[in-house]
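Chemist: One structure, pasted below without further comment.
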Amino acid sequence: MTPLSNFLENLDIDASTSTIVTLLAIFAITWYAWIRVKSKKGSSSLPPGPRGLPLIGNLASLGPDLHTYFAGLARTYGPILKLQLGCKLAIIVSSPDLAREVLKDHDVTFANRDVPAVARIATYGGLDIAWSPYGPEWRMLRKVCVLKMFSNSTLDKVYGLRRREVQNTVAYIYRKAGLPINVEEQTFLTILNVITSMLWGGTVQGEERGRLGAEFRRVVADMTALLGAPNISDFFPALARFDLQGLGRKMSGLAPRFDQIFDRMIEKQLNFDESGDSSRECKDFLQFLLKVKDEGDVKTPLTMTHIKALLMDMVVGGTDSTSNAIEFAIAEVMNKPEVMRKAQDELDNVVGKDNMVEESHIYKLQYLHAIMKETLRLHPVVPMLIPHCPSGTCTIGGYSVPKGSRILINAWAVHRDPSIWENPMEFKPERFLDSKFDYNGSDFNYFPFGSGRRICAGIAMAERMFLYFLATLLHSFDWKLPAGEKVDLTEKCGIVLKLKNPLVATPTPRLSNPALYQ
Ligand code: HEM
804 MTPLSNFLEN LDIDASTSTI VTLLAIFAIT WYAWIRVKSK KGSSSLPPGP RGLPLIGNLA
864 SLGPDLHTYF AGLARTYGPI LKLQLGCKLA IIVSSPDLAR EVLKDHDVTF ANRDVPAVAR
924 IATYGGLDIA WSPYGPEWRM LRKVCVLKMF SNSTLDKVYG LRRREVQNTV AYIYRKAGLP
984 INVEEQTFLT ILNVITSMLW GGTVQGEERG RLGAEFRRVV ADMTALLGAP NISDFFPALA
1044 RFDLQGLGRK MSGLAPRFDQ IFDRMIEKQL NFDESGDSSR ECKDFLQFLL KVKDEGDVKT
1104 PLTMTHIKAL LMDMVVGGTD STSNAIEFAI AEVMNKPEVM RKAQDELDNV VGKDNMVEES
1164 HIYKLQYLHA IMKETLRLHP VVPMLIPHCP SGTCTIGGYS VPKGSRILIN AWAVHRDPSI
1224 WENPMEFKPE RFLDSKFDYN GSDFNYFPFG SGRRICAGIA MAERMFLYFL ATLLHSFDWK
1284 LPAGEKVDLT EKCGIVLKLK NPLVATPTPR LSNPALYQ
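Residue numbering for the sequence shown follows this note's numbering, beginning at 804 and increasing consecutively.
Put into structure tokens, the structure is as follows:
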């Protein structure tokens, strides 16, 4: 089997489409030859990297776990290296100094995104925060999101919605006490319910909320799988219109399912408003967003499509990242009984065994916060950030980084660099107690949320959900593995990092009063 046919098989292209591929390959080879000639002119200034094959470049050598593959390449080629992925040049950065050059010194140049074809379909043409190009619309969306929606005061107002969902999960787990439960499933569903509840929880009640939860879980899982799949349309843009792997068609089937739900929620909300109860305070984010839309910024208005694209960011971007991070934390804590004991001692001191955790407690839980930081050091769930894209050719680490290339910053590799971290593979929350490290993007040795203009827009919300839910799970229950099993911390890398095998564990209630679990 040739590397090209091997590559096509990996991309799951069927026999009928391979004929089209052959014809189009002639065109692509010509294009590739042109790219080679063009890049040769300045080849001395491009970063080093492994030799690729004609036409496909380095595509055939890409494995499923890119974070570890890129970290290995960095050991051979250094902290900045290039890979030719079809027609797309990818630049991988793996050191704090070079991450600083990209995300701080040249922040504006690198503030654009390299948007995958399926992401464009999922986000109304890239109208959301994560994939918008750097410009006035992106600024307006970020302002609405970070300064207004995720401000402390707005997040405080919707605490009741978060609390209700977390308590529902505690009651569910209590009913399953003594039986093994799928921690991944429960964490995902809780975070999904917490997020959708904050989005329109004041609007939708009862059965409809439950039904939406199940529907969202299926669609989010399918969408994130598509976003993580290598797509020939991204590597050979001239072939994008043929959608050879059918990934675009699949995404076009999934995205409208969300769109219909968003339309339903918006309509419900507008009907509420028409009923004339103007005295109602904003109870959820959707009410809040519709109010911002009506108040209207004349220069860059927030449209209904923007609102839906924002909802998509929250539901798809916010759920998997946060729930995977919490699952990693529970797995690491279970793997280290002394960490579990310290966390529970702290919870018993601050909250007490005759009380439930409230969000007001989390600021006093220093050790729990250190667990969050250490989890995101070892398992930064967006391990290579979201691909950045320079708006002009730029020099990084003495090498030329061409306009339009795909920039991947391997935070995962930096977080495990033995020249920065003592015993980097050890899970040791103590390293963050009384330390200067924070995840606000000011330190390029530790940046699980990214840094600079495109730093994660949901940090405030992620922090609250992570700490509150983890604290509740560790405070309410002891967790044991089924007999004879060991914690498996093997990672799997797609668009986000997750545990390869879902964590299954048995909860035992540990609070003094059974009524607390109801
Ligand atoms: C533990 C949880 C999370 C982690 C580790 C995380 C991490 C990240 C990272 C690394 C980026 C890319 C930064 C870059 O490209 O430079 C990002 C972007 C983003 N995140 Fe998060 N995230 C988390 C949770 C959330 C939540 C809960 C939301 C919202 C509900 C959210 C919304 C976003 C958005 C909208 C962007 C795009 C920002 C932009 O392009 O301007 N994230 N996140």
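Every residue, glycine too, gets a C-beta built ideally from N, C-alpha and C. Since we're looking at a predicted model, the values are computed, not measured.
So, using beta-carbon positions, are Lys-1167 and Val-1153 closer together than 7 Å?
Modeler: Yes, they are a contact pair.
Chemist: How about Met-1001 and Phe-1088: are their beta carbons less than 7 Å apart?
Modeler: Cβ distance < 7 Å, so Met-1001 and Phe-1088 count as in contact.
Chemist: If we ignore side chains and look at the alpha-carbon of each, how far apart do Asn-1127 and Ile-994 end up?
Modeler: The straight-line gap from Cα to Cα measures roughly 10 Å.
Chemist: Leaving aside the five residues before and after Ala-920 along the sequence, list all residues of the same chain whose C-beta is less than 7 Å from its C-beta, in chain order.
Modeler: So the list reads Asn-1034, Ser-1036, Asp-1037, Ala-1043 and Gly-1051, once near-sequence residues are dropped.
Chemist: For Lys-1094, count neighbouring Cβ atoms within 10 angstroms of its own Cβ and tell me buried if that reaches 16, exposed if not.
Modeler: Exposed is the call here.
Chemist: Out of Pro-1285, Thr-990, Val-947 and Pro-1186, state which residue places its alpha-carbon closest to the alpha-carbon of Ala-1132.
Modeler: When only C-alpha atoms are compared, the closest one is Thr-990.
Chemist: Span of the alpha helix (DSSP H) holding Leu-876?
Modeler: Looking at the DSSP string, the run of the alpha helix (DSSP H) that includes Leu-876 is 869-880.
Chemist: What is the DSSP secondary structure of Trp-934, reduced to helix, strand or coil?
Modeler: The answer is coil: DSSP assigns Trp-934 none of H, G, I, E or B.
Chemist: On the three-state DSSP scale, how would you describe Arg-1324?
Modeler: This structure leaves residue 1324 out entirely; the chain is present only between 804 and 1321.
Chemist: Can you say whether Thr-1275 is buried or exposed, counting buried as having 16 or more other CB atoms within 10 angstroms of its CB?
Modeler: So Thr-1275 ends up on the buried side.
Chemist: Tell me the residue span of the alpha helix (DSSP H) that contains Ser-1124.
Modeler: First-last of the alpha helix (DSSP H) with Ser-1124: 1121-1138.
Chemist: By the 10 Å Cβ neighbour count, where 16 or more other Cβ atoms means buried, how is Lys-1206 classified, buried or exposed?
Modeler: With fewer than 16 Cβ atoms within 10 Å of its Cβ, Lys-1206 is classed as exposed.
Chemist: Roughly how many angstroms separate the alpha carbons of Arg-1234 and Met-1054, rounded to a whole number?
Modeler: For Arg-1234 and Met-1054, the distance between alpha carbons rounds to 42 Å.
Chemist: To the nearest angstrom, how far is it from the Cα of Met-804 to the Cα of Arg-854?
Modeler: Residue placement at Met-804 is flagged as unreliable, the pLDDT there being 48, under the threshold of 50; a coordinate-derived value is accordingly withheld.
Chemist: Would you mind reading off the limits of the beta strand (DSSP E) that contains Cys-1202?
Modeler: It is worth fixing the name first, because residue 1202 is Tyr in this sequence and not Cys. Its beta strand (DSSP E) spans residues 1202-1204.
Chemist: Looking at the secondary structure, which residues open and close the beta strand (DSSP E) in which Asp-1281 lies?
Modeler: Note, Asp-1281: beta strand (DSSP E), 1280-1283.
Chemist: Are the Cβ atoms of Ala-933 and Gly-1120 separated by less than 7 Å?
Modeler: For Ala-933 and Gly-1120, yes; Cβs fall inside 7 Å.
Chemist: For Leu-1057, which residues in the same chain have their Cβ closer than 8 Å to its Cβ, ignoring the five residues on either side in sequence?
Modeler: Same-chain partners within the cutoff: Ala-925, Val-1022, Asp-1025, Met-1026 and Leu-1029.
Chemist: So who's on the other strand from Gln-887, going by DSSP bridges?
Modeler: Beta-bridge pairing links Gln-887 to Leu-892.
Chemist: Who does Ile-984 pair with in a DSSP beta bridge?
Modeler: Ile-984 pairs with Ala-1308.
Chemist: To the nearest angstrom, report how far apart Tyr-880 and Lys-1139 are at their CA atoms.
Modeler: Answer to the nearest angstrom: the Cα atoms are 36 Å apart.
Chemist: Could you tell me if the beta carbon of Ser-1185 falls within a distance shorter than 6 Å of some heavy atom in the ligand HEM?
Modeler: The residue asked about is misnamed: residue 1185 is Val in this sequence, not Ser. Yes - the ligand HEM has a heavy atom lying nearer than 6 Å to the Cβ of Val-1185.
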